[in-house]
Each structure stands twice: as structure tokens, then as C-alpha cells.
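> Pasting a structure here, questions to come.
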Amino acid sequence: MAMLAPFVPYDPAETAQSYAGRLSMLHTGQRAARLLEDCGVKPARFSAGHFEEVARFAEAVGEDPAALQAGTIRTLSRYNRFRQEDFSRTVLSPRVRQFCPHCLREDGPGAEWRHRLEWCFWSFPMCARHRSALVEVPREGVGDIRGAVERAGGLDVAEMMTAGAEGGRCLVWLGDRLRSAQDSSWLNDQSIEQVLNASEMLGMVLDHGQDVRPARLSRMERGDALETGFLIYEQGGEAVYAALDDIRSKASATAIQAGPLAMYGVLYDWVDRRSQLIPPGPVREVLREHILDHDAYMVGERLLGEVVTERRLHSVKSLALTLKVDRRRMSRLLQKLGLVPEGATDGESGRLVFQVHDVEQLISDYETGTPLADVPEYIGATHRQTLAFYRAGLLPAVIPADAPGAVRGVIVARRVLDELLARIGALPSLDHDQRYQALTVGKACQRYGRPADVLIRDVLAGKIAAYRTFGEPRLHAVRVLMSDMVASQHAKVIQT
Numbered sequence: 134m135a136m137l138a139p140f141v142p143y144d145p146a147e148t149a150q151s152y153a154g155r156l157s158m159l160h161t162g163q164r165a166a167r168l169l170e171d172c173g174v175k176p177a178r179f180s181a182g183h184f185e186e187v188a189r190f191a192e193a194v195g196e197d198p199a200a201l202q203a204g205t206i207r208t209l210s211r212y213n214r215f216r217q218e219d220f221s222r223t224v225l226s227p228r229v230r231q232f233c234p235h236c237l238r239e240d241g242p243g244a245e246w247r248h249r250l251e252w253c254f255w256s257f258p259m260c261a262r263h264r265s266a267l268v269e270v271p272r273e274g275v276g277d278i279r280g281a282v283e284r285a286g287g288l289d290v291a292e293m294m295t296a297g298a299e300g301g302r303c304l305v306w307l308g309d310r311l312r313s314a315q316d317s318s319w320l321n322d323q324s325i326e327q328v329l330n331a332s333e334m335l336g337m338v339l340d341h342g343q344d345v346r347p348a349r350l351s352r353m354e355r356g357d358a359l360e361t362g363f364l365i366y367e368q369g370g371e372a373v374y375a376a377l378d379d380i381r382s383k384a385s386a387t388a389i390q391a392g393p394l395a396m397y398g399v400l401y402d403w404v405d406r407r408s409q410l411i412p413p414g415p416v417r418e419v420l421r422e423h424i425l426d427h428d429a430y431m432v433g434e435r436l437l438g439e440v441v442t443e444r445r446l447h448s449v450k451s452l453a454l455t456l457k458v459d460r461r462r463m464s465r466l467l468q469k470l471g472l473v474p475e476g477a478t479d480g481e482s483g484r485l486v487f488q489v490h491d492v493e494q495l496i497s498d499y500e501t502g503t504p505l506a507d508v509p510e511y512i513g514a515t516h517r518q519t520l521a522f523y524r525a526g527l528l529p530a531v532i533p534a535d536a537p538g539a540v541r542g543v544i545v546a547r548r549v550l551d552e553l554l555a556r557i558g559a560l561p562s563l564d565h566d567q568r569y570q571a572l573t574v575g576k577a578c579q580r581y582g583r584p585a586d587v588l589i590r591d592v593l594a595g596k597i598a599a600y601r602t603f604g605e606p607r608l609h610a611v612r613v614l615m616s617d618m619v620a621s622q623h624a625k626v627i628q629t
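Mapping of the sequence shown onto this note's numbering: residues 134 to 629, in sequence order.
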């Protein structure tokens with residue numbers, strides 16, 4: 134195939150379709166389709182970015198096929214592809230949807246006009262070079278830059294339509310990315326659309342709050358939001374996490390049942406529902422971690438497409454469900470434990486969450502606890518003694534009873550019972566010579582008129598010497614000497 138002469142080099146800043154249009158105007162004076170057909174290339178397939186057609190055209194005009202491929206946007210049935218990255222059609226399109234008339238003026242006559250790759254990204258409505266807003270054409274766009282200028286009323290009219298606008302850091306990053314310049318590994322590991330979408334959603338919530346409606350924002354407002362979000366997003370996951378702290382602190386939702394949509398607004402909605410075609414990237418994991426660090430999710434629940442494998446937080450409601458206790462009663466209990474501010478309303482306490490390790494002892498005590506009715510057998514005491522110990526606070530309930538003296542449904546932590554038995558097990562063994570003076574707890578209380586809970590409290594405090602018989606260390610194995618009981622009685626008389 135004979136190559137075209139004179140040779141006109143491809144500008145890496147323009148699209149492959151723009152290059153074909155420039156060459157066609159030079160050699161045929163007509164739009165790109167005429168030259169493409171003369172080169173044996175099917176215009177429709179070339180416009181759609183088919184590899185074979187682009188390569189055939191590159192050979193015909195003497196250009197590097199790889200260079201033209203780098204400027205080609207491949208249009209597929211549901212999305213577009215550009216440099217091995219997937220793009221939503223609303224984000225990137227090869228059609229001319231916006232342009233900078235000042236850039237075209239610098240290009241020279243109409244035959245030299247270039248459709249820049251940067252203009253193909255709908256997220257950027259401004260030109261960094263001229264600090265002006267791009268001229269917008271119908272959303273579906275036109276196939277040729279000259280057609281777009283005609284649609285705008287000509288270049289002179291288009292220039293009068295522009296207004297001042299700053300490009301910002303994000304547009305500089307895009308230009309560097311298109312020129313294959315390296316940036317931070319955090320951004321390098323993400324596609325262009327992932328960076329743009331995450332930055333824009335983050336910025337919209339920061340600039341306009343959780344209730345923002347993207348469709349109601351102007352393109353310049355969305356461009357400003359993109360810049361706001363990008364300045365944070367380019368710093369990495371930790372900066373994004375800190376921004377989520379700021380977003381959550383400003384949320385106006387106060388209902389107990391307020392979920393992540395109310396807390397994070399369109400950012401959460403996009404990650405959760407509207408990013409099915411193009412994955413959102415690492416921002417999903419950052420947002421998911423932030424939610425799990427601030428909201429109570431139970432194991433097995435799904436959050437942002439993944440199953441929660443570890444509970445990190447409890448709320449008053451989840452604790453109440455776990456421990457089978459009324460939520461308001463649980464709130465009062467947590468106030469007693471110092472986990473909820475004294476006097477907090479139901480709404481205030483309902484929004485609080487607690488680290489699992491802060492309440493895991495309470496949960497463990499509940500799950501392994503022993504009903505009060507079974508405690509006598511466990512510790513080797515009578516039912517009457519056990520009730521005395523319970524009412525005196527020696528055997529505190531995991532969850533205090535609803536009313537003073539109530540015993541129904543009361544459970545005692547297994548660790549409390551085991552600690553009592555361990556202290557009994559640590560008592561010295563009763564000597565053979567002492568057994569004739571030794572009394573059980575019950576007999577000692579009857580003979581000397583001492584309540585069982587008072588006697589045991591004195592034994593545990595070391596005020597009365599106690600011993601245990603051989604065998605299992607339980608309360609019925611505890612012995613006290615008559616001489617020690619008499620001495621204790623005399624000491625009490627002297628004190629009074």
C-alpha cells in the first residue's frame with residue numbers, strides 16, 4: 134500500500150479520529166470517512182476503535198500503530214475501553230462533547246483543529262491551558278471537531294461563550310497520566326475512572342453534604358467537587374479515612390436506625406449500588422473499614438458486597454438482642470457500667486457503639502453464666518445460703534434484677550463462682566487434731582448467730598481463719614474452729 138505524502142505526524146494529545154480528520158481535510162478536503170475509505174479502512178469500524186482498522190490506517194499513513202492505538206477509544210456495547218482500562222460512556226467518549234475554542238484558535242485553520250483526549254473526559258469542563266470553561270455541545274456529542282464548532286455557531290461565537298475557570302490539580306494529574314508520567318503507587322494501581330469517580334463522590338459530600346443530588350449540580354460545581362475530593366484522594370487511603378471522619382461528624386441523621394446511606398450520602402450509594410459496571414477500586418475497602426469501625430455489624434451480615442467475618446462493635450440494641458434483655462433496660466445497665474453517659478436519652482444511647490473488647494466480658498459472663506437456681510449445687514451451698522450470698526452482693530448477677538429481691542431469670546457469671554471456689558481451694562487443709570473443734574458454715578452460723586454471708590465475707594477477708602476438708606474445694610468443705618468463732622465474738626463485743 135502506498136503511503137500518503139506529505140507525511141503529517143500524529144499528535145499524542147489528540148484522538149486517533151481527530152488525526153484521521155486532519156489528514157482527510159489536507160488530502161481530500163473532506164471529512165475523515167473519505168480518506169478512510171480510500172485507505173481501505175471501514176469508517177464505522179475505525180470510529181469504533183477496532184484494532185485491525187486502526188492498524189491498517191496507521192500503515193497507510195506511515196504512523197506508528199502503537200501510537201494511534203494509544204489515542205483510540207474503543208466503543209463496546211455497554212462501556213468503552215481506553216489504554217486497557219474500562220470506562221463508563223458517561224465518563225469517556227470518543228465523540229466531541231466539549232472543546233476549548235482558544236486551543237482550536239492556536240491550532241490554526243479548521244483543517245488543523247485537533248480534538249484533545251482531555252476533552253473526552255466529561256468530568257473536566259475546563260481547559261487548564263487557557264483557564265477557561267469548555268464549550269459544551271449536545272450530550273451525545275458529534276463525530277468531528279469541525280462539526281462541533283459548527284454546532285456551536287462558529288469559532289468566534291464559541292470564544293465569546295467561554296468564561297474563566299481554573300483547571301486544578303486533578304486536571305494536571307490527568308494530563309500526566311495521559312502522557313504516561315508516573316505518580317503515586319496508590320493512584321497508579323487504579324484506573325482513571327476509579328480515581329475520578331471516587332474523588333468526585335468524596336468531594337460532593339464534603340462540599341454539599343450527604344443530601345446532595347448530583348443531577349442538580351452544574352458541571353462547574355461538579356468540577357469543583359472533583360478537585361476537592363482529588364486533593365484528598367491523591368494522598369492515599371489514610372487521608373480518605375480521615376475525610377470520612379469529617380463527613381460522618383457532619384451528618385445530620387439522628388435516628389437510631391440511620392444507616393450508612395444517611396452517614397455517607399452519595400459516596401456510599403455509588404459504592405454500594407451504582408458502581409456495578411466499573412468497580413469502585415480501593416475506596417470500597419476504605420469506606421467498608423470506616424463503617425465497620427463506627428457501626429455495629431454482626432457476623433454474617435453483608436456490607437458493600439462482602440460478608441462480615443468479625444464483629445467489632447456492639448450497639449445498645451445489638452447487646453440487648455444478644456443478651457435477651459429489653460433495650461431500655463440494657464441502656465440503664467450500661468449507664469451503671471459507665472459505658473453510657475448518665476441520664477442519656479433512648480435516642481442518644483441508641484446511637485452509641487462500644488468496642489467488642491469493652492463489652493465482651495459482659496457477653497461472655499452471660500453466655501457461660503449459671504442460673505441462680507443451679508448455683509447451690511455448683512458451689513456446694515444450700516439454697517438459703519446462696520440467696521443470702523446473692524442478696525449481700527457476694528454473688529453478683531450478670532444483669533441486675535428488675536426489682537429489689539427478684540431472683541427469677543438471674544444468672545451469675547461462671548468466673549465469679551470459679552473465683553470463689555478457687556479461694557476456698559486455697560484454704561489450708563484441716564488437721565486431724567482440729568476436726569473435733571471444726572464446724573461447718575451452717576452449724577457455725579446456727580451456734581453463734583452469725584449470718585452466712587457475714588461469716589463467709591469475714592473468712593474471705595481473713596478476719597476468721599478457715600480450713601477445708603480433703604476432697605473437692607466447695608463451700609460445704611469449709612470449716613471454722615469454735616475457738617476462732619468465740620474469739621471473733623469477743624472482738625466484736627470489745628469494739629462495740
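From the three backbone atoms N, C-alpha and C, an ideal C-beta is built for every residue, glycine too.
1. Going by DSSP, name the residue or residues bridged to residue 447.
2. Return the chain-ordered list of same chain residues with a C-beta closer than 6 Å to the C-beta of residue 271, the five sequence neighbours on each side being excluded.
3. Going by beta carbon distance, what residues of the same chain come within less than 7 Å of residue 460, once the five residues before and after it are set aside?
4. List the endpoints of the continuous alpha helix (DSSP H) containing residue 309.
5. Are the CB atoms of residue 532 and residue 486 within a distance shorter than 8 Å?
6. Is the stretch 148-160 touching the stretch 189-209, taking contact as three or more C-beta pairs under 8 Å?
7. Would you call the stretch 286-296 and the stretch 327-337 in contact, with 3 or more CB pairs under 8 Å?
8. How would you write the range of the alpha helix (DSSP H) that residue 214 sits in, first residue to last?
9. Of the choices 482, 238, 380, whose alpha-carbon is the least far from that of residue 397?
10. May I have a chain-ordered list of the alpha helix (DSSP H) segments no shorter than 4 residues that lie completely inside the stretch 252-303?
11. Return the residue from the list 404, 545, 428 that minimises the CA-CA distance to residue 508.
12. Please name the residue in 614, 318, 256, 438 whose C-alpha comes closest to that of residue 354.
13. By the three-class DSSP mapping on this structure, what secondary structure does residue 611 have?
14. On a CA-only basis, which of 156, 215, 418 is nearest residue 202? Give me that one, please.
15. Quick check on residue 134: does DSSP put it in helix, strand or coil?
16. Using only alpha-carbon positions, find the residue among 223, 192, 230, 352 that is nearest to residue 280.
17. Flag this pair as yes or no: are the beta carbons of residue 512 and residue 572 separated by less than 8 Å?
18. Closer than 6 Å by C-beta to residue 524: which residues in its own chain qualify, once you throw out the five before and the five after it? Chain order, please.
19. Would you decide whether residue 134 is buried or exposed? Buried here means 16 or more other CB atoms lie within 10 Å of its CB.
20. For the putative contact between residue 614 and residue 574, defined by C-beta atoms under 8 Å, what is the C-beta separation to the nearest angstrom?
21. Which class does residue 475 belong to by DSSP, given the choice of helix, strand or coil?
22. Which residue comes first and which comes last in the alpha helix (DSSP H) that contains residue 218?
23. Would you say the stretch 461-478 touches the stretch 422-436, given that touching needs at least three Cβ pairs under 8 Å?
24. So, residue 236 versus residue 228, is the Cβ gap smaller than 8 Å?
25. Can you give me the C-alpha to C-alpha distance between residue 307 and residue 475, rounded to a whole angstrom?
26. Per DSSP, residue 600 forms a beta bridge with which residues?
27. Under the rule that 16 or more other beta-carbon atoms within 10 Å means buried, what is residue 359, buried or exposed?
28. Whole angstroms are fine: how far does the CA of residue 328 sit from the CA of residue 187?
29. Label residue 323 either buried or exposed according to how many other C-beta atoms from any shown protein chain fall within 10 Å of its C-beta, with 16 as the threshold for buried.
30. Taking the continuous beta strand (DSSP E) assigned at residue 572, which residues delimit it?
31. Starting from the Cα of residue 506, find the closest Cα among 518, 500, 497 and give me that residue.
32. Closest to residue 617 by C-alpha separation, out of 602, 605, 588, would be which residue?
33. Please name the residue or residues paired with residue 436 in a DSSP beta bridge.
34. To the nearest angstrom, how far is it from the Cα of residue 468 to the Cα of residue 310?
35. Look at residue 492 and residue 557 and say whether their C-beta atoms are less than 8 Å apart.
36. What did DSSP end up calling residue 327 once you bin it into helix, strand or coil?
Quick look at the numbers:
1. For the purposes of this step, residue 447 is identified with residue 314 of the sequence shown, where counting begins at 1. Residue 447 pairs with 487.
2. For the purposes of this step, residue 271 is identified with residue 138 of the sequence shown, where counting begins at 1. The answer is none, since no qualifying residue turns up.
3. As a working note, residue 460 is residue 327 in the sequence shown. Within the same chain, residue 460 has close Cβ partners 449, 450, 453.
4. Taking the sequence shown and counting its residues from 1, one reaches residue 309 at position 176. Unbroken alpha helix (DSSP H) run through residue 309: 301-311.
5. Along the sequence shown, one-based indexing puts residue 486 at 353. Along the sequence shown, one-based indexing puts residue 532 at 399. Residue 486 places its beta carbon 8 Å or farther from that of residue 532.
6. yes
7. no
8. Here residue 214 is taken as the residue at index 81 of the sequence shown, counted from 1. Where residue 214 is concerned, there is no enclosing alpha helix (DSSP H), although the beta strand (DSSP E) it sits in stretches over 213-215.
9. Residue mapping note: residue 397 aligns to position 264 of the sequence shown, counting from 1. Taking only the C-alpha atoms, the option nearest residue 397 is 380.
10. Correct list: 278-284, 288-294.
11. Here residue 508 refers to the residue found at position 375 when the sequence shown is read from its first residue. Nearest of 404, 545, 428 to residue 508, Cα basis: 545.
12. Mapped onto the sequence shown, residue 354 falls at position 221. It is 256 whose Cα lies nearest to the Cα of residue 354.
13. In the sequence shown, the residue the question calls residue 611 occupies position 478. Of the three classes helix, strand and coil, the one that applies to residue 611 here is strand, per DSSP.
14. Reading the sequence shown from its first residue, position 69 is the one you call residue 202. Cα-wise, what sits closest to residue 202 is 215.
15. Counting from 1 along the sequence shown, the entry for residue 134 is found at position 1. For residue 134, the pLDDT reaches just 48, beneath the cut-off of 50, and the residue's location in the model is therefore unreliable, leaving the point undetermined.
16. By 1-based counting over the sequence shown, the position of residue 280 is 147. That would be 230, whose Cα lies nearest to the Cα of residue 280.
17. Within the sequence shown, numbered from 1, the residue matching residue 512 stands at position 379. Within the sequence shown, numbered from 1, the residue matching residue 572 stands at position 439. No, Cβ-Cβ distance for residue 512 and residue 572 is not below 8 Å.
18. Residue mapping note: residue 524 aligns to position 391 of the sequence shown, counting from 1. Within the same chain, residue 524 has no close Cβ partners at all.
19. Looking up residue 134 in the sequence shown gives position 1. Confidence at residue 134 is low in this model, with a pLDDT of 48, below 50, so its placement is unreliable and the value that follows should be read with caution. Classification for residue 134: exposed.
20. Along the sequence shown, one-based indexing puts residue 614 at 481. Along the sequence shown, one-based indexing puts residue 574 at 441. The pair is not a contact, with the Cβ atoms about 13 Å apart (cut-off 8 Å).
21. Along the sequence shown, one-based indexing puts residue 475 at 342. For residue 475, the secondary structure class from DSSP, reduced to helix, strand or coil, is coil.
22. Within the sequence shown, numbered from 1, the residue matching residue 218 stands at position 85. That residue, residue 218, is in no alpha helix (DSSP H); its beta strand (DSSP E) goes 218-220.
23. no
24. Counting from one through the sequence shown, the residue named residue 236 turns up at place 103. Counting from one through the sequence shown, the residue named residue 228 turns up at place 95. Against a cut-off of 8 Å, the Cβ pair of residue 228 and residue 236 comes out as no contact.
25. Here residue 307 corresponds to residue number 174 of the sequence shown, with the count starting at 1. Here residue 475 corresponds to residue number 342 of the sequence shown, with the count starting at 1. C-alpha separation (whole angstroms): 53 Å.
26. By one-based count along the sequence shown, residue 600 stands at place 467. DSSP output for residue 600 lists 612 as bridge partner(s).
27. As a working mapping, residue 359 is identified with position 226 in the sequence shown. Classification of residue 359: buried, given that the 10 Å Cβ count is 16 or more.
28. Locating residue 187 in the sequence shown gives position 54, counting from the first residue. Locating residue 328 in the sequence shown gives position 195, counting from the first residue. Going from the Cα of residue 187 to the Cα of residue 328 covers about 28 Å.
29. One-based indexing of the sequence shown puts residue 323 at position 190. Counting other Cβ atoms within 10 Å of its Cβ, residue 323 reaches 16 or more and is therefore classed as buried.
30. If you number the sequence shown from 1, residue 572 lands on position 439. 571-573 is the extent of the beta strand (DSSP E) around residue 572.
31. Along the sequence shown, read from residue 1 onward, the residue named residue 506 stands at position 373. The candidate whose alpha carbon is nearest that of residue 506 is 518.
32. Walking along the sequence shown from the start, residue 617 turns up at place 484. Closest option to residue 617, Cα to Cα, is 588.
33. For the purposes of this step, residue 436 is identified with residue 303 of the sequence shown, where counting begins at 1. Partner(s): 439.
34. Within the sequence shown, the letter at position 335 stands for residue 468. Within the sequence shown, the letter at position 177 stands for residue 310. One C-alpha to the other measures close to 55 Å.
35. Mapped onto the sequence shown, residue 492 falls at position 359. Mapped onto the sequence shown, residue 557 falls at position 424. Cβ distance not < 8 Å, so residue 492 and residue 557 don't count as in contact.
36. On the sequence shown, position 194 is the one that residue 327 refers to. Residue state, collapsed to three classes: helix.
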